[in-house]
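Chains as they are written, first to last, in my numbering: chain A, 20 to 132; chain B, 680 to 794.
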């Protein structure tokens, strides 16, 4: 049963700390997306990769956020330094076509105090 | 203090009735559309998709209708069950056939099924 996995599932940290979220896309998928979901903004696309290369990160605050794919089985999203307004659920999704169906992970619920 | 957030449209139906969830999309160039279901505490889950060269597509208990003239998408759920209670998102992709672009999500509709 192939699925996207994300770690950690929950993270509570203090303002100013570095946060790293990890995602393992479905094997064989070549496109990986990072989303943020909040009550205020709904589901927002932060960045996405195809074949490990970043295609679009225009939705991401670049001064504190960074996204990478060290290899085909791992995508990371880092926030440094974190701020209370970063509190949200962060989803990773993967797909095997540029704009087709995306398969979502369970999300990382981040709380920044 | 009181928190302010999105007030999702809510649809409340009786178990066994049919549900219709509507979505207006923004980009006339969008050529691929998906409906997702998100249950509390989980990630969005694919329900059904449709390409712009189709007006209707059916799945198991679900039907998606596409009206390109008015840029409107609907999801019909037959014989709604308590397990269908969730937030439903429509998503559009402006450049599917060019293998580019990204999904743009709507704000979502909360479906509540009364037993």
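All C-beta atoms, glycine included, are put in the ideal place defined by N, C-alpha and C.
What you are looking at is a predicted structure, and each value in this text was computed from that prediction instead of being measured.
Report yes if the CB atom of residue i is closer than 8 Å to the CB atom of residue j, and no otherwise.
| i | j | result |
| --- | --- | --- |
| residue 747 (chain B) | residue 731 (chain B) | yes |
| residue 92 (chain A) | residue 43 (chain A) | yes |
| residue 718 (chain B) | residue 760 (chain B) | no |
| residue 709 (chain B) | residue 772 (chain B) | yes |
Could you tell me which residues DSSP puts in a beta bridge with residue i?
| i | result |
| --- | --- |
| residue 717 (chain B) | B:766 |
| residue 693 (chain B) | B:793 |
How is residue i classed by DSSP in three states: helix, strand or coil?
| i | result |
| --- | --- |
| residue 710 (chain B) | coil |
| residue 105 (chain A) | helix |
| residue 688 (chain B) | coil |
| residue 723 (chain B) | coil |
| residue 221 (chain A) | With chain A represented from 20 up to 132, any question about residue 221 (chain A) goes unanswered, as that position is not in the structure. |
| residue 761 (chain B) | helix |
| residue 751 (chain B) | strand |
| residue 94 (chain A) | strand |
| residue 785 (chain B) | coil |
| residue 70 (chain A) | coil |
| residue 48 (chain A) | coil |
| residue 81 (chain A) | coil |
Quick one: measure Cβ to Cβ for residue i and residue j, integer angstroms, because I've assumed they're closer than 8 Å.
| i | j | result |
| --- | --- | --- |
| residue 724 (chain B) | residue 735 (chain B) | With 8 Å as the limit, residue 724 (chain B) and residue 735 (chain B) do not qualify as a contact, their Cβ atoms being about 22 Å apart. |
| residue 769 (chain B) | residue 704 (chain B) | 7 Å |
| residue 787 (chain B) | residue 47 (chain A) | Contact flag wrong, Cβ pair sits at about 29 Å. |
| residue 720 (chain B) | residue 110 (chain A) | With a Cβ gap of about 12 Å, residue 720 (chain B) and residue 110 (chain A) do not count as contacting. |
Using a beta-carbon distance below 8 Å, is residue i in contact with chain D?
| i | result |
| --- | --- |
| residue 123 (chain A) | This model lacks chain D altogether, as its protein chains are A and B. |
Is residue i near the ligand MG - that is, is its Cβ less than 7 Å away from at least one heavy atom of it?
| i | result |
| --- | --- |
| residue 723 (chain B) | The model depicted lacks the ligand MG and carries no ligand whatsoever. |
> With contact counted as at least three CB pairs below 8 Å, one residue from each stretch, are the region 49-68 of chain A and the region 102-109 of chain A in contact?
Replying inline: yes
> Does the region 119-131 of chain A touch the region 77-88 of chain A, meaning 3 or more C-beta pairs lie closer than 8 Å?
Replying inline: no
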